[in-house]
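In the order they appear, the protein sequences are chains A and B. Position in the first sequence counted from 1, then plus 44, gives you this note's numbering. Position in the second sequence counted from 1, then plus 29, gives you this note's numbering. Don't be surprised by glycine CBs; every beta carbon is placed ideally from N, CA and C.
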Amino acid sequence: MQKEIELLRFTTAGSVDDGKSTLIGRLLYDCKSIFEDQLESVQKSSARKGLAHVDLALLTDGLKDEREQGITIDVAYRYFATPKRKFIIADTPGHIQYTRNMVTGASTANLALVLIDARKGVIEQTHRHSIIASLLQIPHLLVCINKMDLVDYDQDTFDEIVETYRQFAAKLDVQDVHFIPMSALDGDNVVNRSEKMDWYEGPTLLHTLENVHIGSDHNHIDCRFPVQTVIRPHLDEYHDYRGYAGRIASGIFKPGDEVVALPSGFKSKIKAINSPEGELDEAFAPMSVTITLTDDIDISRGDMIARTNNQPKVVQDLDIMMCWLNNDGSKPRGKYTIRHTSNEAKAMITDIIYKLDVNTLHRNEEDKVLNMNDILRVKLRTTRPLLVDTYNRNRHTGSIILVDDVTNETVAAGMII
Amino acid sequence: MHSYYLSHLRELEAESIYVLREVDAQFEKPAILFSGGKDSLVVTHLAKKAFSPAKIPFPLLHIDTGHNFPETIQFRDDLVAILGAKLIVGSVQKSINDGRVAEERGINASRNILQTTTLLDAIEEYQLDACIGGARRDEEKARAKERFFSHRDEFGQWDPKNQRPELWNIFNGKHHHGEHFRVFPISNWTEMDVWQYILDERIQVPSLYTAHERAVVERNGTFIPKSEFIQLRDGEKFVKKMLRFRTLGDITITGGIESEADTIEKVIAEVAAARQTERGNREDDKRSDTAMEDRKKEGYF
Chain A
45 MQKEIELLRF TTAGSVDDGK STLIGRLLYD CKSIFEDQLE SVQKSSARKG LAHVDLALLT
105 DGLKDEREQG ITIDVAYRYF ATPKRKFIIA DTPGHIQYTR NMVTGASTAN LALVLIDARK
165 GVIEQTHRHS IIASLLQIPH LLVCINKMDL VDYDQDTFDE IVETYRQFAA KLDVQDVHFI
225 PMSALDGDNV VNRSEKMDWY EGPTLLHTLE NVHIGSDHNH IDCRFPVQTV IRPHLDEYHD
285 YRGYAGRIAS GIFKPGDEVV ALPSGFKSKI KAINSPEGEL DEAFAPMSVT ITLTDDIDIS
345 RGDMIARTNN QPKVVQDLDI MMCWLNNDGS KPRGKYTIRH TSNEAKAMIT DIIYKLDVNT
405 LHRNEEDKVL NMNDILRVKL RTTRPLLVDT YNRNRHTGSI ILVDDVTNET VAAGMII
Chain B
30 MHSYYLSHLR ELEAESIYVL REVDAQFEKP AILFSGGKDS LVVTHLAKKA FSPAKIPFPL
90 LHIDTGHNFP ETIQFRDDLV AILGAKLIVG SVQKSINDGR VAEERGINAS RNILQTTTLL
150 DAIEEYQLDA CIGGARRDEE KARAKERFFS HRDEFGQWDP KNQRPELWNI FNGKHHHGEH
210 FRVFPISNWT EMDVWQYILD ERIQVPSLYT AHERAVVERN GTFIPKSEFI QLRDGEKFVK
270 KMLRFRTLGD ITITGGIESE ADTIEKVIAE VAAARQTERG NREDDKRSDT AMEDRKKEGY
330 F
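What follows is the structure, given as C-alpha cells:
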C-alpha cells in the first residue's frame with residue numbers, strides 16, 4: 045500500500061489578465077506536473093500565435109474555441125500531487141457572464157483561491173469571487189495577492205490590501221481566510237519561498253494547500269444516508285438479502301445503531317455496513333457503502349436513513365438561494381423537476397424575493413426577471429415533501445437542482461436556507 | 030481518537046461507485062464500454078464492488094476493430110467468464126463488410142475513426158441509453174472538459190459548448206428517446222491513481238502493460254508492434270526491444286516505450302518519473318491539435 049494521502053479540491057476564478065493561468069501554470073510546473081510533450085505543444089502553439097512568452101493558459105484551455113479566442117469558457121479540471129496531498133483544481137472563468145461556471149466549480153471545492161493584482165487592490169471582481177465562495181460555503185479562502193514584483197515587494201501595499209479585504213469579508217459568511225503575497229511570474233511564494241519578501245513570515249501557497257486542515261470539512265454529526273438503489277442479488281446464497289446502497293452524506297453510522305427510515309418513519313437497527321474494503325465497524329462521509337437492517341421494511345431510492353434522535357426537516361415549501369444556469373429565463377409559474385440527494389419531485393417557483401448583486405451584495409427587490417447567471421432568493425413549492433437540512437449545515441442534503449421538463453436541461457442550482 | 034478521513038484513493042473509489050450506482054438508478058439499459066485496457070478494467074472492478082454481492086447489472090460492450098493485440102481478446106474472454114457477465118461485441122469488420130464504413134487508405138490508415146460508426150450502431154441496435162467509459166480528465170485536453178454524465182444527441186454527437194452544468198454530486202441523466210449518455214466514473218483519477226489502485230486491489234491487467242520482448246518497428250519516434258496489419262515502409266525494419274505499453278489501442282496505432290518495468294511496482298515508479306504524457310505514443314491523437322475533440326464530437330469514446 046502506498047502512503048495514504050488526502051484529496052483537496054480547490055477552485056480558482058479569473059481571466060488571463062489576473063495572472064490566474066500563470067499561477068496555475070507555475071504551481072504545476074514547480075510541482076513537476078507538466079509533461080515535456082505538453083510543454084512542447086504549448087510552446088509551438090504560442091509561437092504560432094506570435095507570442096513572445098509561453099502562454100501557460102493554453103494548458104488549461106482545452107476546447108478549440110477556447111484556444112482560438114484565448115478565453116476560458118467552461119470549467120476545466122486539472123490534477124497534481126505532492127507527497128502530502130493530491131489536488132483537483134476546478135479552473136473557472138472569472139468574468140460576470142460566467143457566474144454559473146464559477147458556481148459549478150465552487151460546488152465541490154474545499155478551498156477557493158481568490159486572486160488580487162497588487163497594483164489594483166480589492167476590485168469588483170474580488171468581491172464577486174469572494175461572494176460566490178461565501179454563498180457556496182467553501183470552507184477555506186486563500187487570498188493570493190499577486191504581482192508583488194510590480195509594486196517593489198512593498199509590505200505596506202500588502203498590508204493595506206489585507207485590511208481592505210478584511211473589512212469587506214466581515215459582511216460575508218467565511219470562516220478561514222489566509223493571505224499570501226506572491227509573484228506567480230517569478231515563482232515567489234508559490235512553491236518556493238520568496239527571498240525578496242523577508243517581511244512575510246507565513247507559508248507559501250503550496251505549503252498552505254498541503255497543510256490546511258480539511259478533516260472537519262465533512263459534517264460528522266448529523267447522520268444522513270440517502271438511498272441510491274436497493275441491492276437484491278437474486279442468488280440462492282443471498283436469498284433474503286436487501287442492501288441499501290448509497291453514499292453517506294454526513295454523520296457516522298455503526299452496526300447496532302437505531303435508525304429511522306424516512307419518509308415512512310419505520311424504525312430498525314443497522315445489521316451490517318459493507319464497503320468496498322469489506323465489512324466495517326463504522327462508516328462516515330463521503331464513503332459509498334451498503335447498509336443492511338435487522339428488520340424487513342420497505343425502503344427505496346429517494347428515501348433516507350437517519351438517526352431517530354436527529355432527523356432532517358420534512359418540507360414542501362423551501363427558501364432557496366438560487367443561481368439561474370440557463371439561457372432561457374423561467375416560464376411564468378413554470379414547473380420543473382427538482383432533484384435533491386437521490387430524490388426527485390415536481391417544483392414551482394412561487395416567489396422571487398430579491399436578486400443579489402454579486403459585486404456589491406445589494407438586494408434588488410424590484411427586478412423579477414430571471415436571466416442566466418442571476419443569483420436570487422426564491423421560494424419553491426414541491427409536490428411531495430423533501431427531507432432537507434440547511435445548506436450551511438449540510439452541503440449534501442441542503443442542495444438542489446431544477447431540471448426543465450421539456451428540454452431536460454439543468455436550469456438552476458439552489459442552496460436551502 | 031479516530032480521525033475520520035479517507036485516503037485520496039478511497040475517496041475517488043467512493044465517488045466512482047456513487048456514479049455507477051446513479052447509472053443503475055437513472056437509466057434503463059446501460060453498458061460498460063470495455064476495451065481490455067487498464068481504465069476499463071478499473072471501471073469493471075469498481076462496478077463489481079458497487080453492486081456486490083449482486084452481479085454487475087450491465088453488459089460489457091466491446092468494439093472490436095479486428096486490429097487487436099491477441100493478448101487483449103484472450104484477456105477479455107477470461108474476465109467475462111470469471112464475472113459471469115454478458116458480453117456484446119460490435120465488429121468494425123462487419124461494419125466494413127456491410128458497407129457502413131470504408132477502410133481508410135494511405136500510409137497512415139487505421140481503423141480508429143471507423144469505430145465510431147460501429148459503436149453508434151451497437152448503441153442503436155441494443156437500445157443502450159448509457160455507455161460507461163473509462164476516460165479520464167487528465168488524459169487529454171478535450172477530455173478535461175467532460176462531465177461525469179455527458180449527453181449525446183440522437184446522432185450520438187457531443188456538443189462541448191452546450192453541456193449541462195454539474196453541481197455537487199447531483200447528476201441529471203434525463204434524456205429523450207433515442208438520445209444517450211456517456212458516463213465516466215473515473216473522471217477524476219490520474220494515470221498514477223489507476224496504477225496505485227491496480228496494485229492495491231491486485232487487479233489483473235494484460236501482460237502488455239509490463240515490460241516484455243517484442244518485435245517492433247520504429248516510426249514517428251515510437252515503437253509500433255509487428256502484426257499482420259502493418260506494412261514496412263522504405264528503410265524500416267523490425268527489431269526486438271524490451272518494452273511496454275502505457276495505453277492499449279489498436280495494434281496498428283499504439284506505440285510502446287522502452288522499459289525494464291516488469292512488475293506493477295516498477296511500472297508505478299516509471300509513471301512517477303515519466304516526462305511524457307500517457308497518450309504521447311498514440312498516433313490517433315497526433316493527427317491534429319484537436320484530434321480528440323473532433324472525434325469526440327462525432328461520438329467517439
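Taking the beta strand (DSSP E) that residue i falls in, what are its first and last residues?
{"i": "W368/A", "result": "K357 to W368"}
{"i": "G290/A", "result": "G287 to R291"}
{"i": "M392/A", "result": "N387 to L400"}
{"i": "H184/A", "result": "H184 to N190"}
{"i": "M271/B", "result": "V268 to R273"}
{"i": "T454/A", "result": "T454 to I460"}
So the candidates are the options; which of them puts its Cα closest to the Cα of residue i?
{"i": "D150/B", "options": "D167/B, N137/B, G128/B and E169/B", "result": "G128/B"}
{"i": "F223/A", "options": "E302/A, L186/A and R144/A", "result": "L186/A"}
{"i": "E287/B", "options": "E132/B, I142/B and G250/B", "result": "G250/B"}
{"i": "L49/B", "options": "Q233/B, F177/B, A320/B and G95/B", "result": "F177/B"}
{"i": "I117/A", "options": "H251/A, K390/A and A57/A", "result": "A57/A"}
{"i": "I253/B", "options": "K77/B, A173/B, N126/B and F98/B", "result": "F98/B"}
{"i": "I215/B", "options": "L38/B, Y33/B, E307/B and G284/B", "result": "L38/B"}
{"i": "D318/B", "options": "E48/A, S85/A and D347/A", "result": "S85/A"}
{"i": "L253/A", "options": "E50/A, D81/A, R439/A and M459/A", "result": "E50/A"}
For residue i and chain B, any beta-carbon pair shorter than 7 Å?
{"i": "R383/A", "result": "yes"}
{"i": "E48/A", "result": "yes"}
{"i": "S77/A", "result": "no"}
{"i": "V312/A", "result": "Note that residue 312/A is Ser in the sequence shown here, rather than Val. Chain B, which has no Cβ nearer than 7 Å to the Cβ of S312/A, makes this no."}
{"i": "E80/A", "result": "yes"}
{"i": "Y435/A", "result": "no"}
{"i": "A120/A", "result": "yes"}
{"i": "M331/A", "result": "yes"}
{"i": "L51/A", "result": "yes"}
{"i": "K108/A", "result": "yes"}
{"i": "R291/A", "result": "yes"}
{"i": "F131/A", "result": "no"}
Please classify residue i as buried or exposed, where buried requires at least 16 other C-beta atoms within 10 Å of its C-beta.
{"i": "S308/A", "result": "exposed"}
{"i": "M45/A", "result": "Residue placement at M45/A cannot be trusted, given a pLDDT of 38 that sits under 50; what the coordinates show is reported in the next sentence. By the 10 Å Cβ count, M45/A comes out exposed."}
{"i": "G65/B", "result": "buried"}
{"i": "I140/A", "result": "exposed"}
{"i": "K1/A", "result": "Since the displayed chain A opens at 45 and closes at 461, residue 1/A lies outside it and no answer follows."}
{"i": "W243/A", "result": "exposed"}
{"i": "N236/A", "result": "exposed"}
{"i": "R276/A", "result": "exposed"}
{"i": "M30/B", "result": "Legend: pLDDT at M30/B = 38, less than 50; position of this residue unreliable, value from coordinates given subsequently. Counting Cβ neighbours within 10 Å, M30/B comes out exposed, since fewer than 16 surround it."}
{"i": "T394/A", "result": "exposed"}
{"i": "A134/A", "result": "buried"}
{"i": "K215/A", "result": "exposed"}
{"i": "K174/B", "result": "buried"}
State the beta-bridge partners of residue i as determined by DSSP.
{"i": "N236/A", "result": "D232/A"}
{"i": "S45/B", "result": "According to DSSP, S45/B bridges with nothing at all."}
{"i": "V304/A", "result": "K311/A and A350/A"}
{"i": "A60/B", "result": "C160/B"}
{"i": "H384/A", "result": "N387/A"}
{"i": "R122/A", "result": "I133/A"}
Determine, for residue i, whether the minimum Cβ-Cβ distance to residues of chain A falls below 7 Å.
{"i": "K11/B", "result": "Residue 11/B is absent from the structure shown; chain B starts at 30 and stops at 330."}
{"i": "S288/B", "result": "no"}
{"i": "A43/B", "result": "yes"}
{"i": "G309/B", "result": "yes"}
{"i": "T306/B", "result": "yes"}
{"i": "R273/B", "result": "no"}
{"i": "K123/B", "result": "no"}
{"i": "K326/B", "result": "no"}
{"i": "M30/B", "result": "Confidence at M30/B is low in this model, with a pLDDT of 38, below 50, so the placement of that residue is unreliable and no value is reported for it."}
{"i": "L49/B", "result": "no"}
{"i": "W187/B", "result": "no"}
{"i": "L70/B", "result": "no"}
Hey, quick one: how far does the alpha helix (DSSP H) through residue i stretch, first residue to last?
{"i": "I176/A", "result": "E168 to L179"}
{"i": "Y329/B", "result": "Taken as a continuous stretch (DSSP letters only), Y329/B belongs to no alpha helix (DSSP H), as it is neither H nor E."}
{"i": "I68/A", "result": "K64 to D74"}
{"i": "S85/A", "result": "E80 to R92"}
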